[in-house]
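Residues 1290 to 1741 (the working numbering) are what the sequence shown spells out, left to right. We treat Cβ as the ideally placed atom computed from N, Cα and C, and that holds for glycine.
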Amino acid sequence: MTLRNLFGVMVLVGLGIAIYRRLTDKPQRVKSYVSDWLAIAIVGAIILSGMVLDSSQISSYSAFAEMAEDYGDITDPEELLPLETYWAAEQGLVSPNVAKPYDPALIEEGREIAADTCMECHAPAQSAFVSYSLAKVVGPAAHGLGEEGVANALYYLHIILCFGLLAWLPFSKMFHVIATPVSLLINGVMGFKEPGKDQANVVNRRMIGLSACTHCGSCSELCSSLMFYESFQNDFILPSEKVQILKKVAAGQKVDDQTMANLQKGLYICTSCDRCSEICPSGINLRELFISSRYQLLNRGIPETSMLSHFSFPLSLTKNFIDDHKIALKKLEKIFKDSFTRLKDLTSITIGDPVQVGTDSYQSCYACQRCSNICPVVRLYDDPVKELDMLPHQIIFSLGIGNKDIAMGSQMIWSCSTCYLCQEHCPNKVELTDIFYNLKNAAIRQMEGGRA
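Right, dumping it as structure tokens:
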């Protein structure tokens, strides 16, 4: 009884920590769905109903009388009185026949009877420290309402909750109690981060990994892409949220186009740093799962504008899915070329109103070309104009004459390493790198169908 109560308290403490963590996490990185709260509620209800049921049985007079008759062979009320007094005084019984103050002589006599007839197979009620404490509150209330009916109601409630959880288990996050040990065993056989020789085994590992996720949010708290999540407000940048929607995709459930687009962007913004896999308590190789899912979605033919950004750098270093990456990138490059006018395609240049790029510092440029001369990307090429379309000082000049379109169409803004050398060495404090960031964001909005 002590261990049962101890483990019950441990579960309740764990549930309390989970609730506190989900309510107080700021900024909100640990997301909570209805299923998460339902799982916490059902487990908590099972533990609490079990403790209250135990306390009602401790205080139940009918249960005491039945036990005395079956195991003590005591039916005479006078013979039963000492045992009843002892149980009321020290074992939490709520008796209609005895009341405080209890007779010490009867208590001692009842203790001797209990030692001969009860204690060989009955643990002291005080050992169930939680249920015994609750019995002092539940017992009088149950006695007033009809203890046998209350005990039966609590028993059936506890049983229904237990069987309800078992029935819900295969269809909910609670399936992790089965899938997580299997996932850890597979890691022990195949190796946690080993690529795997048999593709069928690799796929099985990924699918079991999806089921093993507890949606605890530990991966999201340590994700190196958190700053992008806080900027883009795309939930699927967070690893734990990617797993939840990937479960639906893997199960063949219907997912709307906007959600799929957000998932694809979230998968691509992932830096593949592998922090999530290292912290995952279920032993899921999340990096492998996200990389494979990324290119599975790209193979649908929907372009991902994030491929033009620096997110391509860490992904290209892994040298995985090279052909798939090239195919997706070519589709995106075609859209990029069709969306903007190139400098070499212009037949005439007109002067327009100043453009909005988050700052007007570009108006201070006097074309000294210091930015282009110091740029490491420009110096990388023998013919930088051919490779980059426009040099940094030309981009700033195009903004000065009000032609934002050719600036957004320049390869230079995408090849920029954001080293800030140009901005640091500009004599007129033109914020070149920040302007390039604004141009990239405007270009992506235009390519995705919005207005720059």
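Burial check for Gln-1652: the Cβ neighbour count within 10 Å stays below 16, so the residue is exposed. Straight across, the Cα-Cα distance linking Pro-1484 with Lys-1462 is about 27 angstroms. At a Cβ-Cβ threshold of 9 angstroms, Cys-1559 and Ser-1520 do not count as neighbours. For the pair Gly-1428 and Ser-1344, the CB atoms are nearer than the 9 angstroms cut-off. Annotation: the continuous alpha helix (DSSP H) that includes Asp-1627 extends over 1611-1628.
Beyond the five residues adjoining it in sequence on each side, Leu-1511 comes within less than 6 angstroms, by CB distance, of Arg-1564, Ile-1568 in the same chain, given in chain order. With a minimum length of 4 residues, the unbroken runs of alpha helix (DSSP H) contained wholly in the region 1421-1486 fall at 1436-1457, 1465-1479. Non-local C-beta neighbours of Leu-1450 in its own chain, meaning closer than 8 angstroms and more than five positions away in sequence, comprise Ile-1331, Ala-1334, Ile-1335, Ser-1338, ordered along the chain. Within the same chain, Val-1544 come within 7 angstroms of Val-1538 by CB-CB distance, once the 5 residues on both sides are set aside. Beta-carbon to beta-carbon, Gln-1346 and Ala-1440 are separated by about 6 angstroms, close enough to satisfy the 8 angstroms threshold. Taking a 10 Å sphere around the C-beta of Cys-1505, we find 16 or more other C-beta atoms and assign the residue as buried. Per DSSP, the continuous alpha helix (DSSP H) segment holding Lys-1729 begins and ends at 1721-1736. Within the region 1540-1607, the alpha helix (DSSP H) runs of at least 4 residues that lie entirely inside it are, in chain order, 1546-1558, 1564-1568, 1575-1587, 1601-1607. Around the C-beta of His-1714, fewer than 16 other C-beta atoms lie within 10 Å, and the residue is accordingly described as exposed.
Burial check for Asp-1325: the Cβ neighbour count within 10 Å reaches 16 or more, so the residue is buried. Here the alpha carbons of Leu-1342 and Asn-1386 stand approximately 23 angstroms from one another.
Looking at Ser-1507, Asn-1294, Ser-1500, Cys-1562, the one whose alpha-carbon comes closest to that of Gln-1533 is Ser-1500. Of the other Cβ atoms in all chains shown, fewer than 16 fall within 10 Å of the Cβ of Glu-1401; this residue is therefore exposed.
With contacts defined by Cβ atoms closer than 9 angstroms, Ser-1509 and Val-1319 form a contacting pair.
Taking all protein chains in view, the Cβ of Tyr-1709 is surrounded by fewer than 16 other Cβ atoms within 10 Å, so the residue is classified as exposed. Within the same chain, Lys-1531, Phe-1579, Ser-1582, Arg-1583, Leu-1586 come within 7 angstroms of Leu-1556 by CB-CB distance, once the 5 residues on both sides are set aside. With 16 or more neighbouring CB atoms inside 10 Å of its own CB, Gln-1553 falls in the buried class. For Ala-1424 against Ser-1351, the beta-carbon gap comes to about 15 angstroms, at or over 8 angstroms, which does not count as contact. Counted as a single uninterrupted DSSP element, the stretch harbouring Phe-1525 is not any alpha helix (DSSP H), since DSSP gives it neither H nor E. Per DSSP, Lys-1675 is one residue of the alpha helix (DSSP H) stretching across 1673-1677. DSSP places Cys-1660 in the helix class (H, G or I) of the three-state scheme. For the options Gln-1645, Asp-1627, Cys-1502, Gln-1547, the alpha carbon positioned closest to that of Ser-1571 is the one of Cys-1502. Sixteen is the threshold: since fewer than 16 other Cβ atoms of the shown chains lie within 10 Å of the Cβ of Gln-1547, the residue is exposed.
Around the beta carbon of Asn-1692, 16 or more other beta carbons lie within 10 angstroms, which makes this residue buried. In the DSSP assignment, Thr-1406 falls within the unbroken alpha helix (DSSP H) covering 1393-1406. Per DSSP, Cys-1410 lies in no alpha helix (DSSP H) segment and is marked neither H nor E. If you look at Asn-1386, you'll find it isn't in any alpha helix (DSSP H); DSSP assigns it neither H nor E. When the beta-carbon positions are compared, Phe-1610 and Met-1736 stay at least 9 angstroms from each other. For Ala-1732, the closest alpha carbon among the candidates Val-1719, Ser-1598, Ala-1403 is that of Ser-1598. Sorting Ser-1566, Asp-1642, Asp-1672 by C-alpha distance to the C-alpha of Asp-1694 places Asp-1642 at the top.
Taken atom to atom, the span from the alpha-carbon of Ala-1404 to that of Ile-1448 is near 32 angstroms.
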